Amino acid sequence: MEFLQHILLGFETAMSLQNLAYCFIGVTVGTAIGVLPGLGPTATIAMLLPITYGLDPEAALIMLAGIYYGAQYGGSTTAILVNLPGEVASVVTCLDGYQMARQGRAGTALAVAALGSFFAGTVATILIAAFAPILTTFAFEFGPTEYFSLMLLGLVGAVVMAHGSLIKAIAMVLLGLLLGLVGTDVNSGVQRFVFGIAPLTDGLGIVSIAMGAFAFAEIIRNLEKGEARELFVNKVQGLWLTRSEFREAAPAVLRGTALGSILGVLPGGGSLLGAFASYAVEKKLSKNPERFGTGEIKGVAGPESANNAGAQTSFIPMLTLGIPATAVMALMMGAMMIHNIQPGPGVMNSNPALFWGLIASMWIGNAMLVVLNLPLIGLWIKLLSVPYKTLYPAILIFCVIGSFSINNSVFDIFVAALFGLLGYVFHKLKCEPAPLLLGFVVGPLLEENLRRAMLLSRGDVSVFFTEPLSAILLAMAAGLIVLLALPMIRKERDQVFVEEDT
Amino acid sequence: MNVHIRNQPNFFAGMLFAVLGTGFSYGATRYDVGTAAQMGPGFFPLVLGGLLALLGVAIVLHSLIPQDEEVIERTPFKPLVLILGAVTLFALLLMPLGLILASVVLILASAFASHEFAWRYALITMLVLIVLCYIVFIYGLGLPIPVWPRGF
Numbered sequence: 005m006e007f008l009q010h011i012l013l014g015f016e017t018a019m020s021l022q023n024l025a026y027c028f029i030g031v032t033v034g035t036a037i038g039v040l041p042g043l044g045p046t047a048t049i050a051m052l053l054p055i056t057y058g059l060d061p062e063a064a065l066i067m068l069a070g071i072y073y074g075a076q077y078g079g080s081t082t083a084i085l086v087n088l089p090g091e092v093a094s095v096v097t098c099l100d101g102y103q104m105a106r107q108g109r110a111g112t113a114l115a116v117a118a119l120g121s122f123f124a125g126t127v128a129t130i131l132i133a134a135f136a137p138i139l140t141t142f143a144f145e146f147g148p149t150e151y152f153s154l155m156l157l158g159l160v161g162a163v164v165m166a167h168g169s170l171i172k173a174i175a176m177v178l179l180g181l182l183l184g185l186v187g188t189d190v191n192s193g194v195q196r197f198v199f200g201i202a203p204l205t206d207g208l209g210i211v212s213i214a215m216g217a218f219a220f221a222e223i224i225r226n227l228e229k230g231e232a233r234e235l236f237v238n239k240v241q242g243l244w245l246t247r248s249e250f251r252e253a254a255p256a257v258l259r260g261t262a263l264g265s266i267l268g269v270l271p272g273g274g275s276l277l278g279a280f281a282s283y284a285v286e287k288k289l290s291k292n293p294e295r296f297g298t299g300e301i302k303g304v305a306g307p308e309s310a311n312n313a314g315a316q317t318s319f320i321p322m323l324t325l326g327i328p329a330t331a332v333m334a335l336m337m338g339a340m341m342i343h344n345i346q347p348g349p350g351v352m353n354s355n356p357a358l359f360w361g362l363i364a365s366m367w368i369g370n371a372m373l374v375v376l377n378l379p380l381i382g383l384w385i386k387l388l389s390v391p392y393k394t395l396y397p398a399i400l401i402f403c404v405i406g407s408f409s410i411n412n413s414v415f416d417i418f419v420a421a422l423f424g425l426l427g428y429v430f431h432k433l434k435c436e437p438a439p440l441l442l443g444f445v446v447g448p449l450l451e452e453n454l455r456r457a458m459l460l461s462r463g464d465v466s467v468f469f470t471e472p473l474s475a476i477l478l479a480m481a482a483g484l485i486v487l488l489a490l491p492m493i494r495k496e497r498d499q500v501f502v503e504e505d506t
Numbered sequence: 042m043n044v045h046i047r048n049q050p051n052f053f054a055g056m057l058f059a060v061l062g063t064g065f066s067y068g069a070t071r072y073d074v075g076t077a078a079q080m081g082p083g084f085f086p087l088v089l090g091g092l093l094a095l096l097g098v099a100i101v102l103h104s105l106i107p108q109d110e111e112v113i114e115r116t117p118f119k120p121l122v123l124i125l126g127a128v129t130l131f132a133l134l135l136m137p138l139g140l141i142l143a144s145v146v147l148i149l150a151s152a153f154a155s156h157e158f159a160w161r162y163a164l165i166t167m168l169v170l171i172v173l174c175y176i177v178f179i180y181g182l183g184l185p186i187p188v189w190p191r192g193f
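Protein sequence lines, in the order shown, are assigned to chains A and B.
Taking the numbering used here as reference, the numbering of the first sequence is continuous, increasing by one, and the terminal residue is 506.
Taking the numbering used here as reference, the numbering of the second sequence is continuous, increasing by one, and the terminal residue is 193.
Structure, rendered in structure tokens:
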């Protein structure tokens with residue numbers, strides 16, 4: 005019965021006129037950025053975060069979440085119609101979706117993507133509602149020792165799942181942790197790495213870092229590549245499935261949803277991993293694997309369901325444990341902290357309306373997205389014809405004004421510019437910026453828990469290995485690293501990510 | 042000894058991590074480090090900085106062993122300089138000149154970074170964006186940003 009009460013509270017919160025409006029804005033903006041190639045959800049959420057400062061925390065998070073899962077819907081449109089991933093997780097959709105479009109089955113591909121995503125979104129919402137409370141109760145048993153180990157596991161997991169060099173990703177996490185320490189130390193009041201710069205006493209802003217390293221660096225890279233993009237747009241017809249297509253796609257949707265939901269919870273998993281895994285599984289299970297890549301409906305249905313399921317279940321570790329699985333979740337945590345809500349197991353009890361409202365809004369948002377993406381598809385095709393030379397100055401000006409508005413100070417704009425440069429340099433050196441952002445958010449929490457744990461154990465480090473739960477968590481982290489160091493698995497992992505780099 | 046860099050991105054990334062790690066560690070020694078049981082503000086950054094520096098050195102060494110050669114991709118500097126320059130100029134000009142003029146500088150300077158730059162198009166984009174920003178940020182959200190130069 006308690007479960008029902010929670011769900012009711014959630015819908016009550018999410019159905020308020022204000023929150024419905026922000027949910028709608030979120031999913032609309034999300035679809036738009038998903039459709040537009042060269043503009044990712046991390047950059048967009050960083051750009052729009054300052055605008056949500058004045059809102060209630062419920063409205064702010066509902067809107068930001070809508071942007072993230074909305075982008076998964078929009079991304080498929082571009083993948084199918086233009087053969088460009090509007091959003092990273094849609095890379096796999098290009099393979100078969102675009103081929104279907106070329107055969108004149110664009111409508112079918114779009115319909116299966118949207119309906120599969122909706123089904124996955126519904127299941128993922130139920131999963132969050134069912135499992136989040138269990139995990140939360142579990143997390144309450146955690147002391148500082150367990151928390152430290154858990155955060156370590158989270159960071160290691162995120163690094164392992166990130167593509168590219170493992171050791172460089174670990175270095176980026178360390179750098180992020182260090183940057184997170186800049187500012188006034190809560191324990192001693194000492195100002196660390198402030199260099200007499202007054203605005204730095206409050207630390208660096210996550211929004212400025214994300215804007216610089218993601219939005220600015222992205223723009224610079226896109227401009228280097230040259231912005232011409234080919235449009236393969238014609239009228240889309242037949243936005244529905246025949247009975248036989250439905251029967252063919254349904255099992256793929258079910259499997260994709262399951263895979264995406266499980267992989268989304270893992271640190272670093274997010275929406276991307278599930279999409280890749282689902283495509284691989286569908287191809288393996290198929291009786292005619294040679295049809296994949298030539299317009300196979302399962303190759304669209306599976307990954308599209310998986311990426312949407314993953315986008316949503318990646319909220320679970322953030323909401324229940326206070327651990328960000330992806331860069332987007334790191335920003336969500338930032339948004340909560342700005343509203344003075346400490347992410348972690350406490351959220352469910354201290355802000356039940358926020359917690360359950362956010363979950364309920366996901367289902368409502370998914371329903372809105374089906375309407376936005378099927379009957380209104382023409383609108384988004386038009387959006388594709390907006391040239392990049394109009395788009396990037398708009399992103400820039402929204403970013404700088406937003407970054408100014410955080411503290412009404414131009415200092416944050418300078419910080420964003422500096423991280424734009426750093427983000428660019430890191431890209432040239434083949435270092436991913438996402439682990440840095442995760443480290444940055446977790447840094448202060450990790451230090452706090454380490455201090456407490458060591459204080460309780462009177463300086464004995466072995467406590468992390470003798471406390472059973474902590475030992476298990478650390479063993480899992482070590483296991484992940486060892487696994488990855490094995491040459492065979494390394495090769496597999498590199499292969500999985502190969503297609504994404506092209 | 043003739044050292045040959047086989048993997049340029051890794052070599053320079055490693056150097057950067059080593060320098061940053063050493064810098065953070067060195068900075069941390071100026072704060073009270075404390076003991077393991079009673080950690081001072083210097084403890085955690087000292088350890089993290091040390092780890093980062095070590096990883097950096099390892100990455101540098103790894104970039105020297107025989108492997109497939111990889112060089113840093115050379116690309117034009119124009120977009121980098123123009124985009125970050127435009128943002129920095131905006132930050133410098135916002136308080137003295139106000140939102141409108143700072144935006145003119147930001148949008149025009151960044152527009153030059155495009156391959157398809159054309160004055161007419163850039164000016165129209167600029168006008169539309171400034172009006173839009175005024176409506177959203179000043180009129181809609183009521184942000185306390187100076188709109189015009191001081192003294193107007």
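Beta carbons: idealized from backbone N, C-alpha and C, even for Gly.
Just so it is clear, the structure is predicted and the values come from calculations on it, not from any experiment.
In the three-state scheme derived from DSSP, where H, G and I count as helix and E and B as strand, G42/A is classed as coil.
With respect to I37/A, L43/A sits close: the two C-beta atoms are nearer than 8 Å. Not one beta carbon of chain B lies nearer than 8 Å to the beta carbon of S365/A.
In terms of Cβ geometry, L263/A and A281/A form a close pair [threshold 8 Å]. Around the beta carbon of A202/A, fewer than 16 other beta carbons sit within 10 angstroms, so the residue counts as exposed.
Scanning chain A for C-beta atoms nearer than 8 Å to the C-beta of V101/B yields nothing, as the closest lies near 11 Å away.
When DSSP states are grouped into helix, strand and coil, G326/A belongs to the coil group. Linking E308/A to P391/A through their CA atoms gives a straight-line distance of about 26 Å.
By the Cβ rule, the segment 52-64 of chain B counts as touching the segment 87-96 of chain B, because three or more pairs are nearer than 8 Å. G111/A and L373/A have their C-alpha atoms roughly 16 Å apart. Nearest C-alpha to N87/A among L119/A, Y73/A, A113/A: A113/A.
Judged by DSSP in its simplified three-state form, R71/B adopts coil rather than helix or strand.
In terms of beta-carbon proximity, V146/B stays away from the interface with chain A, with every pair separated by 8 Å or more. For I223/A, the enclosing alpha helix (DSSP H) stretches over residues 221-229. Interface residue (Cβ-Cβ distance to chain B less than 8 Å): L227/A is classified as such.
Sorting P349/A, F402/A, N226/A by C-alpha distance to the C-alpha of V211/A places F402/A at the top.
In this structure, DSSP gives M80/B an extended state, which the three-state scheme calls strand.
Residue state for T126/A is assigned as helix, using DSSP reduced to three classes. Residue pairing by DSSP places G187/A opposite R196/A in a beta bridge.
One Cα belongs to L425/A, the other to F144/A, and the distance between them is close to 41 Å. Per DSSP, reduced to three states, the secondary structure at E111/B is strand. N311/A sits in a helix when the DSSP states are folded into three classes. E110/B does not reach chain A, its nearest Cβ partner there being about 14 Å away, counting only Cβ pairs nearer than 9 Å. Boundaries of the alpha helix (DSSP H) around R161/B: 160-174.
Chain B has no Cβ within less than 8 Å of the Cβ of T261/A. Identification of residues in the segment 281-301 of chain A having a C-beta nearer than 8 Å to some C-beta of chain B yields an empty set.
For chain A, the residues of the segment 111-122 of chain B that bring a beta carbon within less than 9 Å of one of its beta carbons are E111, I113, E114, T116, P117, K119, P120, L121, in chain order. Pairing V164/A with L245/A gives a Cβ-Cβ distance that is not under 8 Å. The straight-line gap separating the alpha-carbon atoms of L441/A and V304/A is approximately 31 Å.
Taking S275/A as reference, the option from Y151/A, E300/A, A128/A, A421/A with the minimal CA-CA separation is A128/A. Looking from the CA of A310/A, the closest CA among L400/A, L422/A, A124/A, S413/A belongs to A124/A.
Neighbours of G30/A in chain B, taken as residues whose beta carbon is under 8 Å from its own, are absent, since the nearest beta carbon is some 16 Å off. Taking 8 Å as the threshold, the shortest C-beta distance from V128/B to chain A falls below it. A direct Cα-to-Cα measurement between K288/A and G161/A gives close to 26 Å. In this structure E286/A is buried. Its beta-carbon is surrounded by 16 or more other beta-carbon atoms within 10 angstroms.
A Cβ-Cβ separation of about 6 Å places V414/A in contact with F408/A under the 8 Å criterion.
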